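Enquirer:
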Amino acid sequence: MNAAGGAGIRLVLLGAPGAGKGTQAAEITKRLGLPHISTGDLLRVAIRDGSPLGRKVAAIVERGELVPDALIGEVMEERLSRRDAAGGFLLDGFPRTPAQADILDRMLVRRGQTLDRVILIEVPETEIVERLAGRRSCGRCGAVYHVRYNPPGVEGICDRCGSRLQQRPDDAEAVIKDRLRAYREQTAPLVARYEKAGLLVPVDGRGRPDEVFGRIAGGIPGLRE
Ligand code: AP5
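Right under this line is the structure:
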């Protein structure tokens with residue numbers, strides 16, 4: 000099946016830090032039965048485990064800068080080669096630069112695949128700062144909360160696995176500014192590229208997560224509310 004049927008669909012989620020990519024990705028992948036492939040999550044696991052990759056990227060991620068394209072390319076080559084990605088996927092946080100978009104294009108061509116849609120979640124920067132400052136994440140299962148907009152049942156504890164919630168080090172206010180700058184300078188140019196390719200689905204990311212999901216569902220055939 001293709002975009003019209005769910006399985007086999009290949010999606011990219013684009014948007015500034017804190018736009019709600021991870022939140023929406025969780026819902027989209029649950030409904031469509033796709034793997035949620037987040038470069039941020041892959042890097043954070045590597046950092047937490049102290050792997051060679053994690054040691055290389057820890058300081059870069061903590062400063063809110065982008066990891067070098069070649070390294071991200073290696074990570075994604077390995078991840079997209081796993082069996083679960085053969086039947087479609089949702090990419091969250093990749094590609095993030097024009098060079099990464101070229102890398103993805105080459106990977107897809109080698110596999111005889113194409114992208115179906117690139118969903119752009121748009122949120123004003125003032126709202127983004129508030130979202131990131133209030134975010135709490137589960138280091139164990141990856142669930143994401145917000146102290147005000149999406150609080151867990153018991154303060155500081157993950158609803159899903161019972162672990163203690165944490166604040167990401169790169170959600171410090173000074174680092175948020177640098178991440179937003181990296182987005183504006185290095186990632187935002189991808190919007191025009193995917194628009195030109197006829198793949199872009201721009202979505203207003205304001206409002207409750209279920210409202211945002213409803214807008215996304217309206218632009219993705221096969222994704223029912
Ligand atoms: P990554 O993990 O990809 O972070 P990001 O893009 O900065 O995005 P976030 O995870 O911060 O936000 P999100 O859009 O997923 O929002 P969320 O749903 O959590 O990357 C981290 C770092 O890794 C980068 O800075 C870089 O160093 C490195 N990296 C990763 N990929 C890379 C790549 N390809 N190349 C190079 N380097 C790379 O929501 C945010 C908060 O808002 C939550 O608290 C949530 O509960 C809340 N929220 C969500 N939706 C709503 C809503 N509708 N209303 C109110 N609150 C909401």
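So the sequence shown is residues 0 to 224, counted in numbering that gives the first Met the number 0. Backbone N, C-alpha and C define an ideal beta-carbon position, used for all residues, glycine too. Model, not experiment: these values are computed from the prediction.
1) Specify the secondary structure class of residue 88 as computed by DSSP and reduced to three states.
2) Should residue 92 and residue 20 be called a contact, given that it needs their Cβ atoms to be closer than 8 Å?
3) Compute the Euclidean distance between the alpha carbons of residue 137 and residue 196, then round it to the nearest angstrom.
4) Roughly how many angstroms lie between the CA atoms of residue 199 and residue 113, to the nearest whole one?
5) For residue 71, is the beta carbon positioned less than 7 Å from some heavy atom of the ligand AP5?
6) So the alpha helix (DSSP H) residue 118 belongs to, where does it begin and stop?
7) Mark residue 17 as exposed unless 16 or more other C-beta atoms lie within 10 angstroms of its C-beta, in which case mark it buried.
8) Tell me the DSSP secondary structure of residue 185 in three-state form.
9) Is it right to say residue 157 is buried, meaning 16 or more other beta carbons lie within 10 angstroms of its own, or is it exposed?
10) Looking only at its chain, what residues have a beta carbon closer than 7 Å to the beta carbon of residue 40, apart from the 5 residues adjacent to it on each side?
11) Expressed to the nearest angstrom, what Euclidean distance is found between the alpha-carbon atoms of residue 117 and residue 218?
12) Beta carbon of residue 121, beta carbon of residue 204: below 8 Å?
13) Of the residues 14, 167, 22, 15, which one's Cα is nearest the Cα of residue 207?
14) Please classify residue 144: does DSSP put it in a helix, a strand, or coil?
15) With a Cβ-Cβ cutoff of 8 Å, do residue 15 and residue 179 count as a contact?
16) To the nearest whole angstrom, what separates the beta carbons of residue 61 and residue 220, a pair I think is in contact under 8 Å?
Expert: Quick answer:
1) The residue given as residue 88 occupies position 89 in the sequence shown. Reduced to three states, the DSSP call for residue 88 is strand.
2) Here residue 92 corresponds to residue number 93 of the sequence shown, with the count starting at 1. Here residue 20 corresponds to residue number 21 of the sequence shown, with the count starting at 1. Yes, they are a contact pair.
3) Here residue 137 refers to the residue found at position 138 of the sequence shown. Here residue 196 refers to the residue found at position 197 of the sequence shown. Cα to Cα, residue 137 sits roughly 36 Å from residue 196.
4) Sequence index remark: in the sequence shown, residue 199 carries index 200 (1-based). Sequence index remark: in the sequence shown, residue 113 carries index 114 (1-based). Going from the Cα of residue 199 to the Cα of residue 113 covers about 14 Å.
5) Along the sequence shown, read from residue 1 onward, the residue named residue 71 stands at position 72. Yes, the Cβ of residue 71 comes within 7 Å of a heavy atom of the ligand AP5.
6) Translated into the one-based positions of the sequence shown, residue 118 becomes position 119. Run containing residue 118: none in the alpha helix (DSSP H); it sits in the beta strand (DSSP E), 116 to 121.
7) Against the sequence shown, residue 17 aligns to sequence position 18. Buried: at least 16 other Cβ atoms inside 10 Å.
8) One-based indexing of the sequence shown puts residue 185 at position 186. Correct three-state label for residue 185: helix.
9) Working through the sequence shown from its first residue, we reach residue 157 at position 158. Classification of residue 157: buried, given that the 10 Å Cβ count is 16 or more.
10) Position 41 of the sequence shown, counted from the first residue, corresponds to residue 40. Within the same chain, residue 40 has close Cβ partners 141.
11) Walking along the sequence shown from the start, residue 117 turns up at place 118. Walking along the sequence shown from the start, residue 218 turns up at place 219. So the two alpha carbons sit approximately 10 Å from each other.
12) Sequence index remark: in the sequence shown, residue 121 carries index 122 (1-based). Sequence index remark: in the sequence shown, residue 204 carries index 205 (1-based). Yes, these two residues count as a Cβ contact at 8 Å.
13) Locating residue 207 in the sequence shown gives position 208, counting from the first residue. Among 14, 167, 22, 15, the Cα nearest to that of residue 207 belongs to 22.
14) On the sequence shown, position 145 is the one that residue 144 refers to. Reduced to three states, the DSSP call for residue 144 is strand.
15) Position 16 of the sequence shown holds residue 15. Position 180 of the sequence shown holds residue 179. Yes.
16) As a first step, residue 61 must be located in the sequence shown, where it is residue number 62. As a first step, residue 220 must be located in the sequence shown, where it is residue number 221. That pair is no contact at about 40 Å.
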